[in-house]
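Reading through the structure tokens given below for one structure.
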Amino acid sequence: FTSEVRLVEATTDSITVEWDELLCKKYELCGFTLQVKRKGFDFTTLDVFKAGGGTYRYVHELLLPHTACTFRVVGQRIQNGAELDLPPGDEATFRTLPSRPLQPEPPVWEADSIKWLPPPHCGHAIESYSLRITSQTCSPFVISTPTDTTFPWPDIPVTEGDRFVVNVLAENKLGTSPWSQPLRLKAGPRGVLVLY
């Protein structure tokens, strides 16, 4: 049994593969399955096909950037009225394209600092982060920081009742992420910042 899975196209969130009708020297095939494996997981079936289609194509979607997927085709034959799987065909590994960073999770407020998690790996290292702080009492301003994911509250005058919105974005050599969803803070008595 032989079948070579070929790459047609890779984008930042999908991989398109194709393969030709399966050849089996020993059995007549009734169909086959396309299977995929990603790092840390076993092979799973993506789709089932009937034999007799010539060249087949499949688009594996909703992937993260820079994700490796290993594909293989498994032939099926009928014996005594039951479908049986043949040994799998050759494996082929392809990767989605790298991209600018994905949107970071919203930052959190902890121990008088703004903290956030790095976005999922997109094929290129994060080079810097930017924090945007806006309030009703001052113009929005942006602070850039290297790859640290903790930033102490900047030297901004804070009085009781002030409200602040904080967003974070990540940057790599392909561009910047969208701004995160906001962290909302308000100043309580003595200017102590709390979530609202």
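Here the working numbering is used: the first residue of the sequence shown is 8, the next is one more, and so on. We treat Cβ as the ideally placed atom computed from N, Cα and C, and that holds for glycine. Only a predicted model underlies this, so the values are computations on that prediction, with no experimental measurement involved.
The beta carbon of S137 lies closer than 6 Å to those of V149, S151, L176 in the same chain, with the five residues before and after it left out.
When DSSP reads this structure, Y136 sits in a beta bridge with T152, A177. Secondary structure of G198 (DSSP, three-state): helix. Rounded to the nearest whole angstrom, the C-alpha separation of T156 and P95 is 44 Å. By the C-beta criterion, the segment 100 to 108 is judged to be in contact with the segment 118 to 130, since at least 3 inter-stretch pairs fall below 8 Å. In this structure S135 touches E178 by the C-beta definition: roughly 5 Å separates them, less than 8 Å. Within the segment 29 to 116, the complete beta strand (DSSP E) segments at least 3 residues long are 36 to 45, 51 to 57, 62 to 67, 75 to 86, 89 to 92, 99 to 102, listed from N- to C-terminus. DSSP places L14 in the uninterrupted beta strand (DSSP E) bounded by 13 to 17. In this structure, the alpha-carbon of T18 lies about 29 Å from that of G59. Out of R102, Q188, V165, the CA that lies nearest to the CA of L14 is found in R102. A direct Cα-to-Cα measurement between P114 and R197 gives close to 23 Å. Counting other Cβ atoms within 10 Å of its Cβ, F171 reaches 16 or more and is therefore classed as buried.
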